[in-house]
Structures are given as structure tokens and as C-alpha cells.
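Numbering (our numbering), first residue to last: 354 to 710.
Structure follows, in C-alpha cells:
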């Protein structure tokens, strides 16, 4: 690039020209930001395409499939995009493997459950209404993208943070443990259902130590994934993640999941607890009250019955609103039936449905 300089010396104007080249490598493109933005575009394109095809064919069979494929597409794009992506191959590889295992299981489980039920009741009366049907696909787009943020951030990093830190190891272990617990809980409950729902409520295996171990596994996964992303920040400094707005943006992944599971009406604990417990208190009130008293709501553990109530209400998230008849946000008319969960009516609730299969 040529620079032109105007000088005024001794009353005379002179023009001096010099040629120099700018080194744009000194101003690197914010690679993670681009990968995150492009991933949002990919998600929108996949979900819009799925909606159009599903509406034209008047079927819901594409819904969960497109959600699963969307996850895989984001993982593949973020790890394969050129110009510096995944320069930290070890973190990127481990994060991608954990992510694919987690979302692959989700796709497999939802497909099996829909087959067992002979269809997907979430879409009854919805497919024919284009606007409402599009809302379902839009919710899935946000769900897929927000949950995927940590792995996109890790794979899209051009930073080279070096060896795993103790925090990285803990985060990876937590993520893997979360996947294991969710898969184990899903399988154990599916077997219990197949065998006739002995005892009216599931208390076999890991369900003996947690009333919702699958939810705990899901929460553990995405909080661990966000922590693992810390070391992949492109910001400068030893604690670069703390000053990196993109890393803080990724906290939307666990926050979104936490909100869906703990607070959102029609999904998670709000639906599974509260008035959703009516069927248990109608059929086996004494047995279920004892189980509830001595079994953690989320974290699998022993000795829960000995924990003071104030700790259950705070640290263990066993809030009063989850009690039967104590401020439930779900009406009696909307409570879960023996064969199907109310939360199946929510477009984003399929992974979080804790009702009978």
C-alpha cells in the first residue's frame, strides 16, 4: 500500500511518497466469533429446511432427526473449518467425542421412544398449522444452538493453551459422568417400564438414589462443558476466559438447560414434580411419600433423609414449589397420566420428559 505525505518546508509544498505493506497478520480475525456466527446460520438453515419438508409432507418424523443431525453438523463444521480451527487438537477431539456421544444417545433414545409409543403426541393438532408448527422448529433451533455453544467455542479456537489443566480434567470427567448417568438412568427406567412398572414409581438402580438422575446427568454435562471451554479462549492472559465475552456467552448453554429443567412450565421438574405427582399420591401415597423424603431430587446420594430441610430447599434445589399441592405451576388437568407426560406437548421438552415411557 502506498502512503502519500504532504510537507511544508521553507514556504514550499512538497509531496513525498513511500511504499509499505501492512501486516494484517498482526490483527487476527476473531475466529471463534465467526465460527459461532456461522453456526447460528447453519442451524437456521437446517431447521428451516426441516420445517418446509415436514410441513409439505405433513409429518413430524423429521423433527428429532433434524435436531440430532443439526448437533452433528455443528460439531463437524466447528472442528473442520480451516484457518486455525481446532489448533488445540486434544481438547477439540475430546470435546467433540463427548458431544457426539451425548447427542447421539439423545437421537437414538428419542427415536426408540417414538417407535415404542407409535408416534409423537407433541404434534397432535400442530402439523396442520404452519405458524404453530414453525414455532416448534424455531424452539428447536434455539435449543440446539444454545446447548452447542461450548463445543463450538472449543473447536473454533485458534489458541494453543497447552497441556490439560486440573480444571480441564475435572470438567472432562464431569461431562463424561453426566453422559453415563443420563444413559444409565434412561436405560434403567425403560427396562422398568417394559417389565410392567412394578411399584407404580421407578426406584430401581440409580433411581433409588435420585428422583431425577437423568436430569442431573444433563445438567452436569453442560456446566462441565462450559468449564472445559475456559482454556480455549482466544483472549490474552493467564485467566483469559474471565475477560472473554465469547466464553461468557457460552454460559447460555448450561443456563438454558437449567432453566428448562428447573423452572419452565411443561418441562422438567415443574412438570414431573408438583401436581405431576398426583398419580403417585393417588395409588401409593405412603410408599411415595417415604421415597420422596429419603431420595434426593437431583444429585444421586445416600442419607438424603438426614439432611435438614433448609439445606434441601437451597443447596439441593428441592424447592417447596415441587411438592404436591404446594404452589405447583401445573394444573390438575395438565398433570401427567400413566401413559404420557404433559411435557410431551412442549416442543423443546422431548429430552427432558421424565414421565413414563
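Glycine residues also receive a C-beta, built at the ideal position from the N, C-alpha and C atoms.
None of the values given here were measured: they were computed from a predicted structure.
Whole-number beta carbon distance between residue 429 and residue 297, since they are thought to touch under 8 Å: Since the displayed the chain opens at 354 and closes at 710, residue 297 lies outside it and no answer follows.
For residue 563, the residue or residues it bridges with in DSSP: Here residue 563 is taken as the residue at index 210 of the chain shown, counted from 1. Paired residues: 649.
Per-residue DSSP class, three states only, for residue 620: Reading the chain shown from its first residue, position 267 is the one you call residue 620. DSSP places residue 620 in coil when its eight states are reduced to three.
Simplified DSSP assignment, three categories, for residue 667: Walking along the chain shown from the start, residue 667 turns up at place 314. DSSP, reduced to helix, strand and coil, places residue 667 outside both helices and strands of the structure shown, so it counts as coil.
Residue 442 in three-state terms, based on DSSP: Mapped onto the chain shown, residue 442 falls at position 89. Helix, per DSSP.
Cα-Cα separation, residue 681 to residue 627: The residue given as residue 681 occupies position 328 in the chain shown. The residue given as residue 627 occupies position 274 in the chain shown. In this prediction, residue 681 scores a pLDDT of 43, lower than 50, which makes its location untrustworthy; the coordinate-derived value is nonetheless stated afterwards. So the two alpha carbons sit approximately 5 Å from each other.
8 Å contact criterion, which residue 502 and residue 583 should meet: CB distance rounded: In the chain shown, counting from the first residue as 1, residue 502 sits at position 149. In the chain shown, counting from the first residue as 1, residue 583 sits at position 230. Between residue 502 and residue 583 a beta carbon distance of about 13 Å is seen, past the 8 Å cut, so the two are scored as non-contacting.
Residue 431 vs residue 574 beta-carbon contact at 8 Å: The residue you call residue 431 lines up with position 78 of the chain shown. The residue you call residue 574 lines up with position 221 of the chain shown. When the beta-carbon positions are compared, residue 431 and residue 574 stay at least 8 Å from each other.
Neighbourhood of residue 483 by C-beta distance below 8 Å, restricted to the same chain and skipping five residues each side: Taking the first residue of the chain shown as 1, we reach residue 483 at position 130. Within the same chain, residue 483 has close Cβ partners 408.
Proximity of residue 669 and residue 652 at Cβ, strictly below 8 Å: Here residue 669 refers to the residue found at position 316 of the chain shown. Here residue 652 refers to the residue found at position 299 of the chain shown. Against a cut-off of 8 Å, the Cβ pair of residue 652 and residue 669 comes out as a contact.
As assigned by DSSP and simplified to three states, the class of residue 636: Against the chain shown, residue 636 aligns to sequence position 283. Helix.
Integer Cβ distance of residue 633 from residue 554, believed to fall under 8 Å: Counting from one through the chain shown, the residue named residue 633 turns up at place 280. Counting from one through the chain shown, the residue named residue 554 turns up at place 201. Yes, they are in contact, since the Cβ atoms of residue 633 and residue 554 sit about 5 Å apart, within 8 Å.
Segment contact flag, the segment 385-404 with the segment 419-426, C-beta cutoff 8 Å, min 3 pairs: Contact between the segment 385-404 and the segment 419-426 is present: three or more C-beta pairs spanning the two stretches fall below 8 Å.
Unbroken alpha helix (DSSP H) run spanning residue 507, endpoints: One-based indexing of the chain shown puts residue 507 at position 154. Residue 507 -> alpha helix (DSSP H) spans 483-508.
DSSP-derived helix/strand/coil call for residue 533: Here residue 533 refers to the residue found at position 180 when the chain shown is read from its first residue. In the structure shown, residue 533 sits in a helix (DSSP, three-state: H, G or I).
Collapsed DSSP secondary structure at residue 548 in the structure displayed: Here residue 548 is taken as the residue at index 195 of the chain shown, counted from 1. Under the three-state reduction of DSSP output, residue 548 falls in the coil class, being neither helix nor strand.
Closest residue to residue 533 among 566, 416, 395 and 547 (Cα-Cα distance): What you label residue 533 is simply residue 180 of the chain shown in a count that begins at 1. With distances taken between Cα atoms, residue 533 lies closest to 566.
Beta-carbon gap between residue 558 and residue 531 smaller than 8 Å: Position 205 of the chain shown, counted from the start, is the residue given in the question as residue 558. Position 178 of the chain shown, counted from the start, is the residue given in the question as residue 531. A distance of 8 Å or more separates the beta carbons of residue 558 and residue 531.
Alpha carbon of residue 510 to alpha carbon of residue 481, nearest angstrom: Here the question's residue 510 lines up with position 157 in the chain shown. Here the question's residue 481 lines up with position 128 in the chain shown. Roughly 43 Å separates the two Cα atoms.
Cβ neighbour criterion (16 or more within 10 Å) applied to residue 462: The count along the chain shown starts at 1 and reaches residue 462 at position 109. By the neighbour-count definition (other C-beta atoms within 10 Å, threshold 16), residue 462 is a buried residue.
Candidates 529, 572 and 647: closest to residue 449 by CA position: Counted from its first residue, the chain shown places residue 449 at position 96. Per the Cα distances, 529.
Three-state secondary structure (DSSP) of residue 659: Position 306 of the chain shown holds residue 659. DSSP places residue 659 in helix when its eight states are reduced to three.
Candidates 443, 391 and 499, of which the one nearest residue 611 by Cα: Indexing the chain shown from 1 puts residue 611 at position 258. Comparing Cα-Cα distances from residue 611 to each of 443, 391 and 499, the minimum goes to 499.
Cβ-based burial, residue 514 [other Cβ within 10 Å; buried from 16]: Numbered from 1 along the chain shown, position 161 holds the residue referred to as residue 514. So residue 514 ends up on the buried side.
Pairwise C-alpha distance: residue 434 and residue 672: Walking along the chain shown from the start, residue 672 turns up at place 319. Walking along the chain shown from the start, residue 434 turns up at place 81. Taking the Cα positions, residue 672 is about 44 Å away from residue 434.
Beta carbon of residue 492 nearer than 8 Å to that of residue 485: Along the chain shown, read from residue 1 onward, the residue named residue 492 stands at position 139. Along the chain shown, read from residue 1 onward, the residue named residue 485 stands at position 132. Not in contact: residue 492 and residue 485 (Cβ atoms no closer than 8 Å).
The segment 635-642 in contact with the segment 538-549 per 3-pair CB rule at 8 Å: Note that the segment 635-642 does not touch the segment 538-549; fewer than 3 beta-carbon pairs, one per stretch, sit closer than 8 Å.
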